[in-house]
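Participant:
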Amino acid sequence: MIALFRLGFALIFIVLMAESVPRENFKTCEQSSFCRRCRKVESDKTPYEVVPNTVSHDESTLHAELYNKDTGVYYKLLLTALQNNLFRLHINEKSPIHPRYEVENSLQNQPQLAKMELFESTATHITIKNGPNRATLFFNPFKVDLYSGDNLVISANARGLMRFEHLRTKPEQKPQDPEQVEQGEQSEQPEANIEHVEPPAPQFPGDGAENDPGAWEENFKSHHDAKPFGPEAVALDFSFPGAEYAYGIPEHADSFALKSTKQTDPYRLYNLDVFEYELEEKMSLYGAVPVLYAHGKKTTSGVFWLNAAETWIDILSNADNNVVEQIVNFVSGSEKKPQVNAHFMSESGVIDVFFLLGPEPLDTFKQFAMLVGTANLPPIFSLGYHQSRWNYNDQEDVQQIADNYDKYDMPLDVIWLDIEYTDGKKYFTWDSRKFPNPLEMVRNLTTKGRKLVVIIDPHIKRDGGYFLHNDATSNGYYVKHRDGKDYEGWCWPGSSSYLDFFDPKVREYYIGLYDFNKFEGTTNDVHLWNDMNEPSVFNGPEVTMPKDLVHYGGWEHRDVHNIYGHMYIRATYEALIKRSNHQVRPFILSRSFYAGSQRYAAVWTGDNTAEWGHLKASYPMCLSLAISGISFCGADVGGFFKNPDSELFIRWYQAGAWLPFFRAHSHIETKRREPWTFNDEVVDIVREALRLRYSFLPLWYTLFREHEINGTPVIRPIWAHFPSESASFALDDEILIGDSILVKPVTQAGATEISVYFPGDGNVAWYDIETKQKYAEKGEISIPVTLYRIPVFQREGSIVPRKMRIRRSTVAMKHDPYTLVVIADKKGQAKGNLYIDDESNFDYRNGKYLYLRLKLDGLKLSSTNLQKHATYDTNSWLERVDIINPPQGVTKALLRSKAQGEVELMVNYNPNNDVLTLRKPTVNMGEEWTIELIE
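My numbering puts the first residue of the sequence shown at 791, with every later residue one more than the last.
(1) With the cut-off set at 8 Å, would you say I1527 and V1533 are in Cβ contact?
(2) Please report how far the alpha carbon of V1258 lies from the alpha carbon of G1214, in whole angstroms.
(3) Excluding the 5 residues flanking M1357 on each side, which residues of the same chain have their C-beta closer than 7 Å to its C-beta?
(4) Could you please give the first and the last residue of the uninterrupted beta strand (DSSP E) stretch that includes W1394?
(5) What is the DSSP secondary structure of S1666, reduced to helix, strand or coil?
(6) Rounded to whole angstroms, what is the Cα-Cα separation between L1106 and F1519?
(7) Could you please give the first and the last residue of the uninterrupted beta strand (DSSP E) stretch that includes K1621?
(8) Which value, in whole angstroms, describes the spacing of the CA atoms of L1062 and V1713?
(9) Could you check the C-alpha separation between S1652 and T1720 for me, to the nearest Å?
(10) As an exercise, report each continuous beta strand (DSSP E) stretch of at least 3 residues that is fully enclosed by the region 1483 to 1534, in chain order.
(11) Could you check what DSSP says for H888 in three-state terms: helix, strand or coil?
(12) Go to V1296, then tell me how far its alpha helix (DSSP H) extends in each direction, as first and last residue.
(13) Taking 8 Å as the threshold (C-beta atoms), are S1382 and G1077 in contact?
(14) Where do the ends of the beta strand (DSSP E) carrying F1548 lie?
(15) Do three or more CB pairs link the region 1699 to 1719 to the region 1675 to 1687 at distances below 8 Å?
(16) State the start and end residues of the unbroken beta strand (DSSP E) segment that holds W1206.
(17) For my contact list, D1397 and E1066 are in at a C-beta cut-off of 8 Å; report their separation, rounded to the angstrom.
(18) Roughly how many angstroms lie between the CA atoms of T912 and S846, to the nearest whole one?
(19) Check each candidate in H1511, P1149, P1581, T1609 and name the one with the smallest Cα separation from S1485.
(20) Short of 6 Å in beta carbon distance, which residues of its chain neighbour Q1444, apart from the five on each side in sequence? Order them along the chain.
(21) Just checking my contact of N874 with M1160 at CB under 8 Å: how many whole Å lie between their CB atoms?
(22) What number of angstroms, rounded off, separates the C-alpha of N882 from the C-alpha of K1658?
(23) Give me the DSSP bridge partner(s) of S911.
(24) Give the single residue among L936, G939, I1170 whose Cα lies nearest to the Cα of A1602.
(25) Any contact between the region 851 to 868 and the region 1087 to 1102? By contact I mean 3 or more CB pairs, one from each, below 8 Å.
(26) So, is E1041 buried or exposed, given that buried needs 16 or more other C-beta atoms within 10 angstroms?
(27) Does M807 come out as helix, strand or coil in the three-state DSSP assignment?
(28) Determine the extent of the beta strand (DSSP E) in which E1150 is found, giving its start and end residues.
(29) Are the region 1671 to 1682 and the region 1610 to 1618 touching, with three or more C-beta to C-beta distances below 8 Å?
(30) Classify S1222: buried if its beta carbon has 16 or more other beta carbons within 10 angstroms, exposed otherwise.
(31) Could you give the first and the last residue of the continuous beta strand (DSSP E) run that contains Q1584?
(32) Residues in its own chain within less than 7 Å of L872 by CB, not counting five upstream and five downstream?
(33) At the level of alpha carbons, what is the spacing between Y1363 and E910?
(34) Count the other CB atoms within 10 Å of the CB of A1689; is the residue buried (16 or more) or exposed (fewer)?
(35) Per DSSP, G1569 is paired with what?
(36) Put E1471 into one of helix, strand or coil per three-state DSSP.
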């Protein structure tokens, strides 16, 4: 009976969750007491000042004490110079009554210090230099100004909104008048029965936190947060002079350029499971990367707020000027200089912020990537197409899906299995009736070069017959209540508990579960999907874990919430590395993430809906992630919820083919929607979208390698390469793939024309990748579209490598020849890069790869190995070269290489599209070669 009751409870929850989650299930800033307190801080009245006689410095760091004159509390301040001309500001209590949490495992390594130069020291401030940049610490009131070269680009606490709630001892509890009790039902947990108390008398005058009824305990709906350590919020404001827009702080289903929050709630970073999330919202979603960029015509800069607690961010800009100020500016004839203001507010932790000083957009993105790391080069199969559904029924269903992709001549690299493959939602097991021989199923896929991905979530079914639950219970591996008992919540299996991945012993145990002797039925060709790892708890506050639970080290969940999913995928990554003896590059997809998660997993935009608005939102959401370090992003093609019509289905494939992660996925209650379930026209158009994706895999693979090396995002906003073009600053329905491909998806039903913005101030031409039509005008141009394709363009002056022989999978294409698409600029020049390696192992880290510079200079086309120490024996060769806008009058071409000597090539010029074609050079791609064009 108990088991049936639990099952019924879980099923009811599934039904409820399948409907849209009511907005009232999630907090507003006003309902979050620390946000309420921080947001009410009055500007220009900061009580914080530096004590001048405490200022000292060593080779890399300024040391000082910060004093709150209202409370009498002292803080330690460190302002440190880092490599790449960055600065770091760290503030903590001088003598806290217990340690405050500082984020671990987000930064790639301990940041390398730089030798600073003391530039200026006076009675009011001190200035240090780091390369061309400098930082000025003002004493009273406390403020830090950051300069990129001679330009002031960031000012911290310029508006005086800093707040650092010191730790204090909870006073004795006293009965409180029931009428003053904050509204909200009591939790079923014992903590919920604690009586409310009168606000304690402040230990220091002027703090104000004690007057907030949510300072020492807080209710939200039926949930009670005991808050045993009381108020401990931290907040700081940042101003960005010269900036016109702010970007970053994913994840939100909102525009790429962040909107003003003057009349709304702030943006929130608190990882949550939000079914059927709404668009154009500042509400939290599944992941949190607390990095914000500010961009103007002259400079780009940013701040990285290293804090894993619940965080809210206010954004203000010139558009928020009040009417009186606008009238004064108009009368005086003065023009308000552009400026963006941000205010970060976190529930706990310390102030730890990195200043990214650019000055160019790509400089700023790289600076952040160097702090938190870059994505490891993914195996090339993961850049192919993925077919998923909740759920494929059984082994036969999986085989039929794979066979149909062959039948309809469509490439496919991966088939996915959702939670129903398990034995009763017990992970690391198989449903023996539906999947009696998983190894055979995997072999049937791998013989055709395909892979399998299976899901494993963090909730562990509380079942006495389940080995994992028994091991976790007996060894104390679960997250705990404050009284030391295992926490129990509800998720897909019903009653569940959650492994504490902050505990090294838990991670070691979890890593061992992936051993092939333990997770039977898997091989190195079975990769992983980590879902529900915010963590999602159906009956928890805001559908997640209570904040007053306790993790390894005694840290509360409130301190580490946003990094829980990150720690989970870290353990999964280490498990997959270990099971292959460090030989095979793993692929992992994660729904939850934090800064640095790109080192372990790809992400997707979660439970979207089969609506045009969600298709459109996929581009700004992935752009925001890309500039925040997480390039490997995609959206569920076709929409997870509901059923797309054929037009929306087609447009989603055409758009999804140009995002780094390309997967179709859908809810268990939707209709089957593999392409052949529609009609012949849909099959034909989707096939072409898939084949186009596969033809560009050499470009995608090269860009991911360059991202791994230097941190450049794989997909980029227009202003990343055209930073002064203000018309592109709010543009988020176009993306650049690297710097050479411009994509504009069709995101409206029935569209027969679409407006495309062409950047470049009229000095850069763009060519349609299919027709080779040239667009040299600057700005918005209306372009006719049909159902069969979306507008995609290649930039003049670029060389894009492609593979035109499309087969069933990337494995089948490994040794296929290359085609180079060359577009000469006005000077007759073009360039591009090509990266080649084994595509699946780590041998490239031992120099087994090719990194080629492809270059056209007038009448000479060449391929040169950029890194002479690296070599790789490839069977791929050069099959074709197309030169658009070629030199005039070319009648023949001579190929020269060490292996072939001098060979005359077949040349054909097409005057209709101005394309010169060189056929079958047949030179091995591992050789250095030149082709001379002869007029």
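Note that the Cβ used here is the ideal one computed from N, Cα and C, for glycine as well.
Facilitator: On the basis of the supplied data:
(1) At the C-beta level, I1527 and V1533 come within 8 Å of one another.
(2) Residue identity check: residue 1258 is Leu in the sequence provided, not Val. Taking the straight line from one Cα to the other gives about 13 Å.
(3) Excluding residues up to 5 positions away in sequence, N895, F1291, F1292 lie with their Cβ nearer than 7 Å to the Cβ of M1357 in the same chain.
(4) DSSP places W1394 inside the beta strand (DSSP E), whose first and last residues are 1392 to 1394.
(5) Residue state, collapsed to three classes: coil.
(6) Their backbone Cα atoms lie some 16 Å apart in a straight line.
(7) Going by DSSP, K1621 is part of the beta strand (DSSP E) stretching over 1619 to 1626.
(8) So the alpha carbons of these two residues sit roughly 53 Å apart.
(9) Distance between the alpha carbons of S1652 and T1720: 4 Å.
(10) Along the length of the region 1483 to 1534, whole beta strand (DSSP E) runs at least 3 residues long occupy 1525 to 1527, 1531 to 1533, reported in chain order.
(11) H888: coil per DSSP, three-state reduction.
(12) 1294 to 1302 is the extent of the alpha helix (DSSP H) around V1296.
(13) For G1077 and S1382, yes; Cβs fall inside 8 Å.
(14) Element bounds for F1548: 1543 to 1548.
(15) Yes, they touch.
(16) Looking at the DSSP string, the run of the beta strand (DSSP E) that includes W1206 is 1204 to 1207.
(17) Yes, they are in contact, since the Cβ atoms of D1397 and E1066 sit about 6 Å apart, within 8 Å.
(18) For T912 and S846, the distance between alpha carbons rounds to 13 Å.
(19) Nearest option by C-alpha distance: T1609.
(20) So the qualifying residues of the chain are A1479, I1580.
(21) Right, the Cβ-Cβ distance comes to about 6 Å (below 8 Å), so this counts as a contact.
(22) Rounded to the nearest angstrom, the two C-alpha atoms are 48 Å apart.
(23) DSSP, once it has assigned bridges, lists I916 as partnering S911.
(24) When each option's Cα is compared against that of A1602, the closest is I1170.
(25) These segments do not touch.
(26) By the 10 Å Cβ count, E1041 comes out buried.
(27) Here the model assigns M807 a pLDDT of 42, short of 50, so the residue's position is not dependable, and the following value carries that caveat. When secondary structure is reduced to three states using DSSP, M807 falls in the helix class.
(28) Element bounds for E1150: n/a, residue is neither H nor E.
(29) Short answer: they touch.
(30) By the 10 Å Cβ count, S1222 comes out exposed.
(31) Element bounds for Q1584: 1582 to 1585.
(32) Hits under 7 Å: R878, P901, Q902, L903, A904.
(33) Rounded to whole angstroms, the separation of the alpha carbons of E910 and Y1363 is 47 Å.
(34) It counts as exposed.
(35) Answer is F1548, bridged to G1569.
(36) Residue state, collapsed to three classes: helix.
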